[in-house]
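As structure tokens, the structure follows; a few thoughts come after it.
There are 2 protein chains.
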Amino acid sequence: MPRKQDDVYGDHISHRFNDELTELKSRFLEMGGMVETQIERAIQSLVDGDSQVADEVRANDRTVDRMEMDLDEEAILIIARRQPAARDLRLVISVIKMVADLERVGDEAKKIAKMAIKLIEEGQAPRGYVEIRHIASHVQGMLHDALDAFARLDSEQALRIMKADKQVDEEYQAAARALLTFMMEDTRNISRCMSVMWVLRALERVGDHACNIAENVIFMVKGEDVRHTSMEEAERVVGG
Amino acid sequence: MPRKQDDVYGDHISHRFNDELTELKSRFLEMGGMVETQIERAIQSLVDGDSQVADEVRANDRTVDRMEMDLDEEAILIIARRQPAARDLRLVISVIKMVADLERVGDEAKKIAKMAIKLIEEGQAPRGYVEIRHIASHVQGMLHDALDAFARLDSEQALRIMKADKQVDEEYQAAARALLTFMMEDTRNISRCMSVMWVLRALERVGDHACNIAENVIFMVKGEDVRHTSMEEAERVVGG
Numbered sequence: 001m002p003r004k005q006d007d008v009y010g011d012h013i014s015h016r017f018n019d020e021l022t023e024l025k026s027r028f029l030e031m032g033g034m035v036e037t038q039i040e041r042a043i044q045s046l047v048d049g050d051s052q053v054a055d056e057v058r059a060n061d062r063t064v065d066r067m068e069m070d071l072d073e074e075a076i077l078i079i080a081r082r083q084p085a086a087r088d089l090r091l092v093i094s095v096i097k098m099v100a101d102l103e104r105v106g107d108e109a110k111k112i113a114k115m116a117i118k119l120i121e122e123g124q125a126p127r128g129y130v131e132i133r134h135i136a137s138h139v140q141g142m143l144h145d146a147l148d149a150f151a152r153l154d155s156e157q158a159l160r161i162m163k164a165d166k167q168v169d170e171e172y173q174a175a176a177r178a179l180l181t182f183m184m185e186d187t188r189n190i191s192r193c194m195s196v197m198w199v200l201r202a203l204e205r206v207g208d209h210a211c212n213i214a215e216n217v218i219f220m221v222k223g224e225d226v227r228h229t230s231m232e233e234a235e236r237v238v239g240g
Numbered sequence: 001m002p003r004k005q006d007d008v009y010g011d012h013i014s015h016r017f018n019d020e021l022t023e024l025k026s027r028f029l030e031m032g033g034m035v036e037t038q039i040e041r042a043i044q045s046l047v048d049g050d051s052q053v054a055d056e057v058r059a060n061d062r063t064v065d066r067m068e069m070d071l072d073e074e075a076i077l078i079i080a081r082r083q084p085a086a087r088d089l090r091l092v093i094s095v096i097k098m099v100a101d102l103e104r105v106g107d108e109a110k111k112i113a114k115m116a117i118k119l120i121e122e123g124q125a126p127r128g129y130v131e132i133r134h135i136a137s138h139v140q141g142m143l144h145d146a147l148d149a150f151a152r153l154d155s156e157q158a159l160r161i162m163k164a165d166k167q168v169d170e171e172y173q174a175a176a177r178a179l180l181t182f183m184m185e186d187t188r189n190i191s192r193c194m195s196v197m198w199v200l201r202a203l204e205r206v207g208d209h210a211c212n213i214a215e216n217v218i219f220m221v222k223g224e225d226v227r228h229t230s231m232e233e234a235e236r237v238v239g240g
């Protein structure tokens with residue numbers, strides 16, 4: 001009987017543990033959704049010249065910060081209480097790391113909203129909106145796919161995001177060069193173009209964070225750290 | 001007798017565990033020292049116009065990346081093997097987070113070195129070096145103090161770093177405004193001033209990372225999360 005009871009007790013514990021992990025995952029995805037909306041609305045406020053939306057984005061950043069702190073606390077409690085091992089431990093540690101990435105994506109949304117307000121006050125920038133829209137849609141897709149790869153623990157999708165990040169870096173470089181040329185043509189463009197430059201930079205950083213999330217997904221699934229490795233090595237890890 | 005043996009065994013385990021924590025701390029500080037040197041030499045390469053030093057900084061970033069991956073792995077192994085609780089767990093989790101900050105400081109050093117090479121090729125920038133030296137010395141001090149606060153688990157020093165970061169942000173804003181004005185005066189300055197602007201931005205980010213480390217030190221010592229809180233609240237946590 002004691003043995004039997006132990007089993008029941010063991011099952012019960014492991015059941016609760018699984019519930020906690022599921023809850024942690026779903027709260028992480030909820031924070032991801034919030035952050036996606038923040039980026040989307042920040043870009044919208046910029047393109048539409050809508051300072052009210054920009055103000056809302058700035059105000060909502062507090063909610064993102066709160067989510068970061070709550071999720072962090074929850075993850076540390078799970079480690080302390082459940083002492084997870086192997087794949088479960090990798091999941092919890094990765095959530096702690098990825099939460100920091102999401103919080104920074106939130107910060108980038110706030111910066112974009114701030115630049116939107118500045119541009120609305122100064123009069124819209126004459127150039128760069130096409131590039132912003134293009135890069136924004138690219139990194140928004142990456143962020144969405146990274147969260148999706150996490151939800152489905154899909155390391156192959158994660159690998160595709162790592163590849164997409166190289167392309168965003170190139171697009172950012174090209175857009176920054178074009179903007180620099182435009183600034184040189186007429187000094188009256190400089191201040192507004194600088195604001196556009198900061199927006200492009202913020203978007204490029206969002207791509208980096210999506211890439212960090214993707215690398216964590218591969219770590220969770222495969223147990224190997226593919227940061228700072230070549231794309232060939234990352235392919236080997238995911239394929240193997 | 002079995003009880004006695006248990007104690008000996010327990011002591012032995014706990015002794016090894018303490019050794020591992022000490023080793024983790026000292027390796028973190030070693031990475032911190034490496035990253036401090038990277039920032040110092042990147043600034044030196046820029047101010048002296050020494051592209052060889054800049055090349056070395058860029059090459060050494062691989063060592064920083066390697067340290068990040070090794071330390072991360074070690075920290076996760078400690079959690080899996082020793083199942084630390086309370087203060088020990090906070091230490092290990094904080095190391096995992098702070099290692100990411102150090103790696104990013106390393107990235108900023110690499111960016112500064114890249115800008116140094118660009119400026120050497122284009123001819124040094126006419127303005128902004130005074131500001132770079134000033135902000136660099138400020139954030140280098142913050143980084144050093146943050147690592148020191150970690151080594152001595154000194155939450156009061158950590159609090160001073162959080163306060164210093166506000167000042168760096170103001171210095172950065174003032175320098176960026178001055179540079180923008182200078183760009184407007186003569187379009188020939190634009191490209192070089194942009195490089196200086198990226199350096200200032202990188203330094204401002206280093207200050208942010210030093211601040212993150214300081215917040216983690218307070219979390220380790222006090223068990224409270226002071227991110228995203230007011231300075232008054234952080235003071236209460238440290239003082240209480």
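So the protein lines, in turn, are chains S and L.
Per UniProt numbering, the very first residue in the first sequence carries number 1; after that it's consecutive.
Per UniProt numbering, the very first residue in the second sequence carries number 1; after that it's consecutive.
Cβ atoms here follow ideal geometry from the backbone N, Cα and C, with glycine treated the same way.
How about residue i and residue j: do their beta carbons lie closer than 7 Å?
i      : j      : result
V139/L : G207/L : yes
A113/S : V57/S  : yes
V196/L : G128/L : yes
A80/L  : A80/S  : no
A210/L : I161/L : yes
V105/S : L159/S : no
S191/S : I120/S : no
T187/S : T187/L : yes
Q83/L  : Q173/S : no
K111/L : A202/L : yes
Compute the Euclidean distance between the alpha carbons of residue i and residue j, then round it to the nearest angstrom.
i             : j      : result
A116/L        : L102/L : 21 Å
H12/S         : D88/S  : 17 Å
D65/S         : H228/L : 7 Å
V217/S        : K97/S  : 11 Å
G141/L        : L179/L : 24 Å
E215/L        : E68/S  : 14 Å
M220/L        : V95/L  : 10 Å
K4/S          : M231/L : In this prediction, K4/S has a pLDDT of 48, which is less than 50 and means its spatial position is unreliable; nothing more can be read from the coordinates.
residue 280/L : I39/L  : Within the shown structure, residues of chain L are numbered from 1 to 240, placing residue 280/L beyond reach of any answer.
V130/S        : V92/L  : 45 Å
S137/L        : R27/L  : 25 Å
T63/S         : E30/S  : 12 Å
I78/L         : W198/S : 41 Å
Q157/S        : D48/S  : 33 Å
D61/L         : I43/L  : 15 Å
R41/S         : D165/S : 22 Å
E23/L         : N212/S : 27 Å
N18/L         : C193/L : 50 Å
D55/L         : L200/L : 20 Å
T181/S        : S155/S : 40 Å
E224/L        : F150/L : 16 Å
D6/S          : S14/S  : Low per-residue confidence applies at D6/S: pLDDT is 46, beneath 50, and the placement is therefore not dependable, though the value from the model is reported in the following sentence. D6/S and S14/S: Cα-Cα distance of roughly 12 Å.
A175/L        : I132/L : 9 Å
A234/S        : L153/S : 16 Å
E74/L         : E185/S : 53 Å
E20/L         : D169/L : 37 Å
H144/S        : D107/L : 25 Å
Q167/S        : A59/L  : 23 Å
A146/L        : V35/L  : 13 Å
A16/L         : K222/L : The question names Ala, yet the displayed sequence has Arg at residue 16/L. Their Cα atoms are separated by approximately 25 Å.
residue 260/S : I76/L  : Nothing can be reported for residue 260/S, as the shown portion of chain S is limited to 1 through 240.
E171/L        : L46/L  : 20 Å
V226/L        : R90/L  : 14 Å
K25/L         : D72/S  : 21 Å
K163/S        : R236/L : 46 Å
residue 250/L : R177/S : Lying before the first or after the last residue shown, residue 250/L is absent from chain L, which here runs from 1 to 240.
G240/L        : D148/L : 22 Å
M183/S        : M183/L : 9 Å
P126/L        : N189/L : 8 Å
(message) Report the start-end ranges of each alpha helix (DSSP H) in the stretch 116-154 of chain L that is 4 residues or longer and not cut off at the edges.
(response) Counting only runs of 4 or more, we get 129-152.
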